[in-house]
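**Student:** Heads up: the protein sequence lines correspond to chains E and P, in order.
FYI, my numbering numbers position 134 of the first sequence as 169, with every residue one higher than the one before it.
FYI, my numbering numbers position 162 of the second sequence as 197, with every residue one higher than the one before it.
Number of protein chains: 2
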Amino acid sequence: MLRGMTPAKQPGRPRAGIDAAVFAATLSTVHELGYAGATMDRIAAAAGVAKTTLYRRWPSKGALITDCLLDALGPAPLEGVGREEVMATAIRWVAAEIGKPGVGAAFAGVFVDAVNDPALRAILSTRLQDPYRIALQDALGEPENRVLLFIDIVVGTLLHRLGMTGEPMVDADVTALVEMVRHHFG
Amino acid sequence: MLRGMTPAKQPGRPRAGIDAAVFAATLSTVHELGYAGATMDRIAAAAGVAKTTLYRRWPSKGALITDCLLDALGPAPLEGVGREEVMATAIRWVAAEIGKPGVGAAFAGVFVDAVNDPALRAILSTRLQDPYRIALQDALGEPENRVLLFIDIVVGTLLHRLGMTGEPMVDADVTALVEMVRHHFG
DNA sequence: CGGTATCGCTACCGGTGGTAGCGTAATTGG
DNA sequence: CCAATTACGCTACCACCGGTAGCGATACCG
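So, in C-alpha cells, the structure goes:
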C-alpha cells in the first residue's frame, strides 16, 4: 500500500511554504480591486513573492484563483446533518461563503474566464465542483444530474445577484430560495 | 405632446446606420473567439468600421455588448400568454436565447465585467434588466423583489450551466427548472 | 458657399498575462 | 567539504488589449 507513505526526499532546494500567504494575498487583492484589478503582479507583491514563482506553481491566473477558492471554502459542513436539512444547509453555507470579502468576485471572475478556456473549465470542474457534487450525492442519494442541476441553481442564483447588485443576497431571499428548492427536491 | 415628433434636424454630417452591422459583427466575433477574444479591434474590423467610431457611440466594451444583447433579445414574447404560463414561457425563451451562438458568452462576459464596474452595472441593470422586470411585474402582478429573485434564479442557473460545461442547458433540465419555479411562484 | 458633426486612419499610452534567462540560496547525497 | 539539483528573486521582455488624441476627408444644413 502506498497510503501513508512519506514521499521520497527529492534533491534540490525544497519549495517554500508560501501557499497560505499567496491565498490570503489573492483574496484580499480581489476584495480591494476586483477580479480584473487583481493582477498577478499585485498578488505577487501583496504575498511578498516574485511573479515568476506564482507561474512556477500555477499554470494561469484562473488556476491560482481556483486553488485559492478551494482553500478558502474547505470541505462542505455536512457532517451529522440529517438528510432533510442537507440542501438547506448547503445553500446557506454557499450564500455565506459568497458573501465573504473577495470570494464572490473571485468566483464570478474565474467563472467567465472558463466560458472560453476549456483547460480552465476542466480545472474548475474537477478540482472545485466535483468534490462538493460527490459529497452531495453521498448525503442525498440523488443521481448526478439532479445534483448538478441543484448546484447550477444555487451557485448561479447567488452569483447573478452579486453581479447585478454588487451585494450578496439578503437572508430573506436566501430563505425563499431554500423553500423553493426544498419543495422541488425534497 | 412630444410623442411622435420628428426630432429637429441637427447640422453636420449625420451618423451612418452602422448599428445593425456592428451588432451582427459583435455577436459573431464573440461566438468565434469568446468574450475576451472579441476585442474592439476585431469587432470593428468585422463590422467594417473604425475602432474610434465604436468609442464615439459606446463608452466602453461592456456598454457595446449590453446594447448588442438588447438588440438581439428584443422584447419578451409574453403577448397573449395566460398568467399561468408567463413564467414557463419566460424561462424557455431565456434558455433558447442563451443557447444562440454568442449570446450566452456575451451575457456571461458583460456580467463579470459589471461585478467591479459600477458604471457598467448601472447600464446593465437599467437598459437590459429593467424592461424585462417591468414586463414580468405587469404580466404576473407580483411585487418587485419576487420578480427580481425569479430573474436571478432563471438567468443565474442558465449561465452557470453554460460557464461550467460550455454548453447550454438541455431541455430536460430546463423543464425541471420550469416545474420547480412553477410550484414555488405559481 | 460656410458651419458643423461624423467618419476613417494612424499613432500612441498604460497596463496585463505570461515567458526567458540569470545569479543565488537551500537542500541531498557522497 | 563538494558536486548536483531544484527553487527562488529579479530584470527584462513579448504580444496584446482597452481606450484616447489628432488629423484630413466627407456629408449634411442653411
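Just so it is clear, CB atoms sit at the ideal spot from N, CA and C, and this is done for glycine as well.
Using the Cα positions of Pro178/E and Gly191/E, report the straight-line distance between them to the nearest angstrom.
**Tutor:** Rounded to whole angstroms, Pro178/E to Gly191/E spans 20 Å at the Cα level.
**Student:** By a C-beta neighbour count over all protein chains shown, 10 Å radius and 16 as the cutoff for buried, is Asp173/P buried or exposed?
**Tutor:** By the neighbour-count rule (16 or more Cβ atoms within 10 Å), Asp173/P is not buried but exposed.
**Student:** State the Cα-Cα distance for the pair Leu175/P and Arg118/P, rounded to the nearest angstrom.
**Tutor:** Their backbone Cα atoms lie some 6 Å apart in a straight line.
**Student:** Quick check on Met36/E: buried or exposed, where buried means 16 or more other Cβ atoms within 10 Å of its Cβ?
**Tutor:** With a pLDDT of only 48 at Met36/E, under 50, the local geometry of the prediction cannot be trusted, and the value read off the model is given with reservation. Counting Cβ neighbours within 10 Å, Met36/E comes out exposed, since fewer than 16 surround it.
**Student:** Check for me: the alpha helix (DSSP H) holding Met199/P runs from which residue to which?
**Tutor:** Note, Met199/P: alpha helix (DSSP H), Glu179 to Thr200.
**Student:** Do Arg168/P and Val307/P come within 7 Å of each other at the CB atom, strictly closer than that value?
**Tutor:** In the structure displayed, chain P extends from 36 to 221; residue 307/P sits before or after that span and is not available.
**Student:** Against chain P, does Arg77/E count as a neighbour if the rule is that its beta carbon must be under 7 Å from one of theirs?
**Tutor:** Taking Cβ atoms only, chain P never reaches closer than 7 Å to Arg77/E, which makes this a no.
**Student:** Name, please, each residue of chain P whose Cβ falls closer than 7 Å to the Cβ of Ala140/E.
**Tutor:** Those are Val150 and Asn151, listed as they occur along chain P.
**Student:** Could you tell me whether the region 149–162 of chain P touches the region 94–101 of chain P, using the rule of 3 or more Cβ pairs below 8 Å?
**Tutor:** As far as the Cβ criterion goes, the region 149–162 of chain P touches the region 94–101 of chain P, which means the pair count is three or higher.
**Student:** Look at Thr222/E and Cys103/E and say whether their C-beta atoms are less than 7 Å apart.
**Tutor:** With chain E covering only 36 through 221, there is no way to say anything about residue 222/E.
**Student:** Any idea if Asp76/P is buried or exposed, counting beta-carbon neighbours within 10 angstroms, 16 or more meaning buried?
**Tutor:** When all chains shown are included, Asp76/P counts as exposed.
**Student:** Take the Cβ of Arg196/P as the centre, count every other Cβ of all protein chains shown within 10 Å, and call the residue buried at 16 or more, exposed below.
**Tutor:** Burial call: buried.
**Student:** DSSP on Leu113/E, reduced to helix/strand/coil?
**Tutor:** It is coil, neither helix nor strand.
**Student:** How would you call Gly52/E, buried or exposed, if buried means at least 16 neighbouring beta carbons within 10 angstroms?
**Tutor:** So Gly52/E counts as exposed.
**Student:** For the candidate residues Ala111/E, Val189/E and Pro136/E, whose alpha-carbon lies nearest to that of Glu67/E?
**Tutor:** Residue Pro136/E is the option with its Cα nearest to Glu67/E.
**Student:** In chain order, what residues of the same chain lie with their CB nearer than 8 Å to the CB of Ala71/E, ignoring the 5 residues before and after it?
**Tutor:** Gly144, listed in sequence order.
**Student:** Is it right to say Val138/P is buried, meaning 16 or more other beta carbons lie within 10 angstroms of its own, or is it exposed?
**Tutor:** Flag for Val138/P reads buried.
**Student:** For chain E, check one thing: does any of its Cβ atoms lie closer than 7 Å to the Cβ of Leu62/P?
**Tutor:** Cβ-Cβ to chain E under 7 Å: no for Leu62/P.
**Student:** If you reduce the DSSP assignment to three classes, tell me which class Lys135/E lands in.
**Tutor:** DSSP places Lys135/E in coil when its eight states are reduced to three.
**Student:** Using a beta-carbon distance below 7 Å, is Gly144/P in contact with chain E?
**Tutor:** It does; some Cβ of chain E falls within 7 Å.
**Student:** Enumerated in chain order, which unbroken segments of the alpha helix (DSSP H) with a length of 4 residues or greater are wholly contained in the region 136–162 of chain P?
**Tutor:** Listed in chain order, the complete alpha helix (DSSP H) runs (minimum 4 residues) inside the region 136–162 of chain P are 138–150 and 153–158.
**Student:** Any beta carbon from chain P within less than 7 Å of Thr87/E's own beta carbon?
**Tutor:** No, no contact with chain P.
**Student:** List, in order along the chain, the chain P residues whose C-beta lies closer than 7 Å to that of Met215/E?
**Tutor:** Near Met215/E (Cβ distances below 7 Å), the residues of chain P are Met215 and His219.
**Student:** Cβ atoms of Ala130/E and Val209/E: under 7 Å apart, would you say?
**Tutor:** Yes, the Cβ-Cβ distance between Val209/E and Ala130/E is below 7 Å.
**Student:** Along the region 156–188 of chain P, where does the CB come closer than 9 Å to a CB of chain E? Name the residues.
**Tutor:** So the list reads Arg156, Leu159, Ser160, Gln164, Asn180, Arg181, Leu183, Leu184, Ile186, Asp187 and Ile188, given in the order they occur along the chain.
**Student:** Of all Cβ atoms in chain P, is any one closer than 7 Å to the Cβ of Arg38/E?
**Tutor:** Model confidence at Arg38/E stands at a pLDDT of 48, short of 50, so the residue's coordinates are unreliable; what they give is reported in the following sentence. Not closer than 7 Å to any Cβ of chain P, the Cβ of Arg38/E fails to qualify, so no.
**Student:** How would you label Ala79/P, buried or exposed, when you count the other beta carbons within 10 angstroms and need 16 or more for buried?
**Tutor:** Buried, since its Cβ has 16 or more Cβ neighbours within 10 Å.
**Student:** Against Tyr70/E, what residues of chain P qualify as contacts under a CB-to-CB distance less than 8 Å, listed in chain order?
**Tutor:** Here the neighbours are Val147, Val150 and Asn151.
**Student:** If the cut-off is 9 Å on Cβ atoms, which residues from the region 190–203 of chain P count as contacting chain E, listed in chain order?
**Tutor:** Under the 9 Å Cβ criterion, the region 190–203 of chain P contributes Val190, Gly191, Thr192, Leu193, Leu194, His195, Arg196, Leu197, Gly198, Met199, Thr200 and Gly201.
**Student:** Any heavy atom of the ligand MN closer than 6 Å to the Cβ of Leu105/E?
**Tutor:** In the structure on display, the ligand MN does not appear, and there are no ligands present to speak of.
**Student:** Within a Cβ cutoff of 6 Å, which residues of the same chain sit near Gly39/P, ignoring the five residues on either side of it in sequence?
**Tutor:** Confidence in Gly39/P is poor, its pLDDT being 48 and thus under 50, which makes the residue's placement too unreliable to answer from.
**Student:** Could you have a look at Lys86/P and say whether DSSP puts it in helix, strand or coil?
**Tutor:** Correct three-state label for Lys86/P: helix.
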